[in-house]
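Reading through the structure tokens given below for one structure.
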Amino acid sequence: MTCSYASRARFHRSMTRPFFSKDRISHFDIFEKHAEDALNQVKGRLKEGYPVDFQDMVCRFTLDSATEFLFGKCVGSLSAGLVYPKDSLPGQNREYANHPSNLFARALSEAQSRSMLRSSMGTNWRLAEFWSDRIQKDMEVCHRFIDPILKDALERKRSTKEGEQSTGHAYAEGKGFLEDTLLGHLVNCTEGKADEIVNMLIAGRDSTASTLTFLVYMLSQYSRVLKRLRAEVLSTVGNSRRPTYDDVREMKYMRAVINETLRLYTPVPFNVRTSTEAALWPGVNGGPPIYIPPNTQVPYSVFLMHRRKDLWGPDADIFDPDRFIDERLKYLTSNPFIFLPFNAGPRICLGQQFAYNEASFFLVRLLQTFSSITLAEDIQTRSPECDKGAGRDAQEKVIVKHHLTLYVDEGLWVRMGEASNSDDV
Numbered sequence: 001m002t003c004s005y006a007s008r009a010r011f012h013r014s015m016t017r018p019f020f021s022k023d024r025i026s027h028f029d030i031f032e033k034h035a036e037d038a039l040n041q042v043k044g045r046l047k048e049g050y051p052v053d054f055q056d057m058v059c060r061f062t063l064d065s066a067t068e069f070l071f072g073k074c075v076g077s078l079s080a081g082l083v084y085p086k087d088s089l090p091g092q093n094r095e096y097a098n099h100p101s102n103l104f105a106r107a108l109s110e111a112q113s114r115s116m117l118r119s120s121m122g123t124n125w126r127l128a129e130f131w132s133d134r135i136q137k138d139m140e141v142c143h144r145f146i147d148p149i150l151k152d153a154l155e156r157k158r159s160t161k162e163g164e165q166s167t168g169h170a171y172a173e174g175k176g177f178l179e180d181t182l183l184g185h186l187v188n189c190t191e192g193k194a195d196e197i198v199n200m201l202i203a204g205r206d207s208t209a210s211t212l213t214f215l216v217y218m219l220s221q222y223s224r225v226l227k228r229l230r231a232e233v234l235s236t237v238g239n240s241r242r243p244t245y246d247d248v249r250e251m252k253y254m255r256a257v258i259n260e261t262l263r264l265y266t267p268v269p270f271n272v273r274t275s276t277e278a279a280l281w282p283g284v285n286g287g288p289p290i291y292i293p294p295n296t297q298v299p300y301s302v303f304l305m306h307r308r309k310d311l312w313g314p315d316a317d318i319f320d321p322d323r324f325i326d327e328r329l330k331y332l333t334s335n336p337f338i339f340l341p342f343n344a345g346p347r348i349c350l351g352q353q354f355a356y357n358e359a360s361f362f363l364v365r366l367l368q369t370f371s372s373i374t375l376a377e378d379i380q381t382r383s384p385e386c387d388k389g390a391g392r393d394a395q396e397k398v399i400v401k402h403h404l405t406l407y408v409d410e411g412l413w414v415r416m417g418e419a420s421n422s423d424d425v
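See the structure below:
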């Protein structure tokens, strides 16, 4: 990274890191509330006879959880209801798209897509947007939601300080907000606008939603994995008890399933770093060395690295969670940097454990509620590469795309069988 960017990044991380303590991220109250809402809506939609776009639903769950965790105020995207298949009669309702929560979510996604396009063009993107800023309209929609919350946070900080100065005691409500939300923590650390909150919101919504989407896609394709994972869930927490932090840590197979999903479908498939000084890299396949000048952008693909057979073994393109448990773990233990879903080193994701906890909690509640998951192939947009040739692409029944994060084109449509208390695993 360049020095100015690196110092700014260190400043933001130094402010944010204390908020992601074990004590803060091990309380699951926020997850429980929004997971219950999401899964109740799923049950209702399935009873109507329609499949569910799991990707859309879980994006709403993670957005509502993230905004409440970060801002202390939920955007309420689940209140808009779940989407219907486009060719169904309810799917023709145009008012749905204009629901306030949908406007915010759509603008955030569009801004990410356009940002990714800018990155692919390098510094030349300014020429392509010479006459107009293509992200501005989407960011205006986002800021109409974010700015009032930020203004309220700054006002609470001011009122709390004034209360301390006049009475010697902080007002309880203001002090609680400043201590209990990331936004409150950030405005308590700096007078400037908390730009970091936008990045945290994107990470909090999209990365976990992407992981859960592709994990459920894999469960729909590997019934033995689903059965084994559900057995672990029921043996650990039963069919109704809310999981605790210790429960989540105990479920080793669940962590392996999450990790294998992160390996094959890493949420952030591409990244870029900027060299701080000149370097000489080894050549490819014994070729001449590669000179990297200083201040040079170097893109790399975690997505491709996670599928390399020279790093992960001959079955690298196969989904098999046991590779994180059995003797194949030797590939990772001898070279930990082959697995980078959360980055590594000084730039490792601060919300890594929060993401694991959120994904694990939702999976527990999902598998307590449903005992079977199948892809709705009559609705699902099918990959044109499916069943053609060999390798991972030939196995894909969905179209995998990405902007900043990986996603399923046109959504992940599934049908799920509701569990009963007497279900055998």
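With the numbering used here applied, the sequence shown has no gaps in its numbers, which climb one by one up to 425 at the end.
Note that the Cβ used here is the ideal one computed from N, Cα and C, for glycine as well.
None of the values given here were measured: they were computed from a predicted structure.
Alpha carbon to alpha carbon, how far is residue j from residue i? Give it in angstroms, no decimals.
i: T236; j: Y291; result: 53 Å
i: E48; j: I318; result: 35 Å
i: A107; j: L201; result: 13 Å
i: M416; j: N124; result: 47 Å
i: G174; j: C74; result: Because G174 sits at a pLDDT of 48, beneath the cut-off of 50, its placement in the model cannot be relied upon, and the following sentence gives the value as read from the coordinates. For G174 and C74, the distance between alpha carbons rounds to 18 Å.
i: R392; j: E36; result: 34 Å
i: A394; j: S207; result: 25 Å
i: P336; j: I135; result: 37 Å
i: W413; j: Q55; result: 8 Å
i: M139; j: F28; result: 31 Å
i: V225; j: M254; result: 10 Å
i: N102; j: I30; result: 21 Å
i: Y5; j: S275; result: Because Y5 sits at a pLDDT of 49, beneath the cut-off of 50, its placement in the model cannot be relied upon, and the point is left open.
i: N421; j: A344; result: 42 Å
i: K309; j: S301; result: 15 Å
i: S159; j: V141; result: 28 Å
i: R347; j: S88; result: 45 Å
i: S65; j: S240; result: 21 Å
i: G204; j: K401; result: 19 Å
i: D133; j: R126; result: 9 Å
i: N285; j: L311; result: 15 Å
List the residues that DSSP assigns as beta-bridge partners of residue i.
i: T296; result: Answer is none; T296 lacks a bridge partner.
i: T333; result: T333 is not bridged to any residue.
i: G417; result: S372
i: V268; result: Beta-bridge pairing links V268 to no other residue.
i: D53; result: W413
Let me know the secondary structure DSSP gives residue i once reduced to three states.
i: K401; result: strand
i: N102; result: helix
i: G283; result: coil
i: T274; result: strand
i: L406; result: strand
i: S301; result: strand
i: D133; result: coil
i: V75; result: coil
i: I290; result: strand
i: L229; result: helix
i: V83; result: coil
i: C59; result: helix
i: I325; result: coil
i: F339; result: coil
i: S223; result: helix
i: T208; result: helix
i: G345; result: helix
i: E155; result: helix
i: I379; result: coil
i: S240; result: coil
Flag residue i as yes if its beta-carbon sits less than 9 Å from any beta-carbon of chain B, otherwise no.
i: H143; result: Protein chains in the displayed structure number just one, and chain B is not present.
When the Cβ atoms of the stretch 320-333 are set against those of the stretch 375-395, are three or more pairs found closer than 8 Å?
The stretch 320-333 vs the stretch 375-395: no contact.
Tell me, please, whether the stretch 407-423 touches the stretch 209-221 by the rule of three or more beta-carbon pairs shorter than 8 Å.
Yes: the two stretches touch, three or more of their Cβ pairs being nearer than 8 Å.
Is it a yes or a no for the stretch 339-358 touching the stretch 299-307, going by three-plus beta-carbon pairs under 8 Å?
With three or more CB-CB distances shorter than 8 Å, the stretch 339-358 counts as touching the stretch 299-307.
Is it true that the stretch 218-227 meets the stretch 365-375, where meeting means three or more beta-carbon pairs spaced less than 8 Å apart?
Taking one beta carbon from each stretch, the stretch 218-227 and the stretch 365-375 have 3 or more pairs nearer than 8 Å; the two touch.
Below 8 Å, how does it come out for the stretch 356-371 and the stretch 248-259: are there three or more Cβ pairs, yes or no?
In short, these stretches touch, since the Cβ pair count reaches three.
With contact counted as at least three CB pairs below 8 Å, one residue from each stretch, are the stretch 63-80 and the stretch 115-123 in contact?
Counting Cβ pairs under 8 Å, fewer than three are found: no touch.
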